[in-house]
Ligand SMILES: [Cu+2]
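In our numbering, the protein residues as written are 794 to 947.
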């Protein structure tokens, strides 16, 4: 049995560890909402650490892949290229991450992305309802988010 003094030190250390893992107060939380077949999310966000979650209000499972676009990329190019090359390697950086949610579920975890002014991120769902159905991105599950300077008020 540890002495009370040791116990209080352990409790303080545990509190520090827990505090160190929590998002800082400046971390913005954005819960991306899904329907069949669309995202509801802001068109623009200010820079800074942003924790993305996914809330699925649809009747089928959905995902959100968060992809930073390269400066030369546009959404029309991506829609055209995806039919032949689903990786779009020349138009994007490696995905920041992926969240998935069954119908009616909000992800218990969030994906932390440090947004920078001028960046553009694409939200994409590649799920299909059947093997021969189009990927959800071709049904409308593609959303562009632009990172603006925080003094623009957007
Ligand atoms: Cu989907």
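Glycine residues also receive a C-beta, built at the ideal position from the N, C-alpha and C atoms.
This one's a predicted model, so the numbers in the text were calculated from it and none came from an experiment.
Query: If you draw a straight line from the C-alpha of residue 811 to the C-alpha of residue 902, how long is it?; Result: Confidence at residue 811 is low in this model, with a pLDDT of 43, below 50, so the placement of that residue should be treated as unreliable; the coordinate-derived value is given next. Roughly 16 Å between the two C-alpha positions.
Query: Are the beta-carbon atoms of residue 825 and residue 832 separated by less than 7 Å?; Result: yes
Query: Count the other C-beta atoms from every protein chain shown that fall within 10 angstroms of the C-beta of residue 940, then say buried if there are 16 or more, exposed otherwise.; Result: buried
Query: With respect to the beta strand (DSSP E) encompassing residue 934, which residues constitute its N-terminal and C-terminal limits?; Result: Here residue 934 belongs to no beta strand (DSSP E), and DSSP marks it neither H nor E.
Query: With 16 as the cutoff for other CB atoms within 10 Å, does residue 851 come out buried or exposed?; Result: buried
Query: For the structure I just gave you, are there three or more beta carbon pairs, one from the stretch 903-919 and one from the stretch 853-860, closer than 8 Å?; Result: yes
Query: Kindly indicate the opening and closing residues of the beta strand (DSSP E) around residue 843.; Result: 841-849
Query: Just checking my contact of residue 905 with residue 830 at CB under 8 Å: how many whole Å lie between their CB atoms?; Result: Wrong, their Cβ atoms sit about 26 Å apart, outside the cutoff.
Query: Starting from residue 861, follow the beta strand (DSSP E) in both directions and report where the run begins and ends.; Result: 855-861
Query: How many whole angstroms separate the CB atoms of residue 938 and residue 838, which I take to be in contact at a CB cut-off of 8 Å?; Result: 6 Å
Query: So the beta strand (DSSP E) residue 907 belongs to, where does it begin and stop?; Result: 904-908
Query: Among the residues of its own chain, which have a CB less than 6 Å from the CB of residue 927, if the five just before and after it don't count?; Result: none
Query: Exposed or buried, what is residue 952 when buried is set at 16 or more other beta-carbons lying within 10 Å of its beta-carbon?; Result: Past the boundaries of the shown model lies residue 952; the chain is included only from 794 to 947, so the question cannot be answered.
Query: Quick check on this structure: which residue in 840, 910, 886, 836 has the alpha carbon closest to the alpha carbon of residue 935?; Result: 836
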